[in-house]
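Colleague: I'd like to ask some things about the structure below.
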Amino acid sequence: MEKRQNPVIQAILGRRSIRSFQPERAEEEIREILLECAFAAPSAHNRRPCHCIVIEDREQLARLAEAHDSGKMLDKAALAIAVCAETAGYPEGDRAWVEDGAAVLQNILLAARGLGLEGVWLKVMDRSPRNEKIRPILNVPGTVHIIGIAALGRAAETKDPHRGYPEEKVHRDRW
Ligand SMILES: Cc1cc2nc3c(=O)[nH]c(=O)nc-3n(C[C@H](O)[C@H](O)[C@H](O)COP(=O)(O)O)c2cc1C
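Below is the structure:
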């Protein structure tokens, strides 16, 4: 097999932000695999602060679509997974939970591709007013941050895969 055809490479390069979904729900097995992959992400000091809220209830998805100012596609998503991080116990200034959450979210998007779904990363943390609007909808405790939401479903749009890289942003041995 040509190296470029490797399914992992194809999943990474083919991942695009898909914001239009077919009206199809996800099977339980898909949900389970997505969660397994989510929790397989690396974690600083192996602290594993992340929690996932799986949202499939149509009314909840509609509420989130309304609350997230660039998340209207949530209304049509087969499911959404909100990646949250419990920050209690982290020393002052240690925000490794952000990186942990990002790794979880990216794992979900890549795993979704492997299962024939597409999706988009919707930022929540540090974004007002969506953060304040979404927290009560998802009922997250005060010490928990919502890193972001993966809106997922079968694609109703296509986009070209990524190809190549910006050479001016690659430095050899030092910047
Ligand atoms: C941290 C982060 C936050 C993002 N937030 C949003 C968002 O709120 N709404 C949205 O439609 N896309 C969001 N995106 C998706 C980006 O717009 C998208 O990744 C970018 O345009 C590049 O396109 P691509 O994902 O197809 O490569 C976010 C991506 C990242 C990494």
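Each residue of the sequence shown is one higher than the last, beginning at 325 in the numbering used here. C-beta atoms are modelled at their ideal positions from N, C-alpha and C, and glycine is treated no differently.
(1) From S344, K396, P366, pick the residue whose C-alpha is nearest to that of N431; which is it?
(2) Residue range of the beta strand (DSSP E) that G472 falls in?
(3) At a cut of 8 Å, does the stretch 342-350 reach the stretch 399-407 through at least three beta carbon pairs?
(4) Can you give the beta carbon distance from G443 to A436, rounded, assuming they're within the 8 Å contact cut?
(5) Check this for me: beta carbons of L446 and G472, under 8 Å apart or not?
(6) According to DSSP, what are the bridge partners of S341?
(7) Near L398, what residues of its chain come up, given a Cβ to Cβ distance below 6 Å and the 5 sequence neighbours on each side ignored?
(8) Given a threshold of 16 other Cβ atoms within 10 Å of its Cβ, counted over all protein chains shown, does G413 qualify as buried or as exposed?
(9) Start and end of the beta strand (DSSP E) containing V378?
(10) Given this structure, state the Cα-to-Cα distance separating N370 from P485, to the nearest angstrom.
(11) Hey, quick one: how far does the beta strand (DSSP E) through L403 stretch, first residue to last?
(12) Going by CA-CA distance only, name the one from R487, K493, R496, R498 that's closest to R340.
(13) I'd like to confirm something about K457: is its beta-carbon nearer than 7 Å to some heavy atom of ligand 1, or not?
(14) Hey, would you say V448 sits closer than 8 Å to I458, going by beta carbons?
(15) Measure the CB-CB distance between V407 and L441 and report whether it falls below 8 Å.
Modeller: In short, the structure shows the following:
(1) P366
(2) 468-477
(3) yes
(4) 5 Å
(5) yes
(6) G443
(7) L385, L388, A389, A404, A475
(8) exposed
(9) Here the beta strand (DSSP E) through V378 covers 374-379.
(10) 33 Å
(11) 403-410
(12) Closest option to R340, judged by alpha-carbon separation, among R487, K493, R496, R498: R487.
(13) Not so, every heavy atom of ligand 1 lies at least 7 Å from the Cβ.
(14) The Cβ-Cβ distance between V448 and I458 falls below 8 Å.
(15) Result no, Cβ atoms of V407 and L441 do not sit closer than 8 Å.
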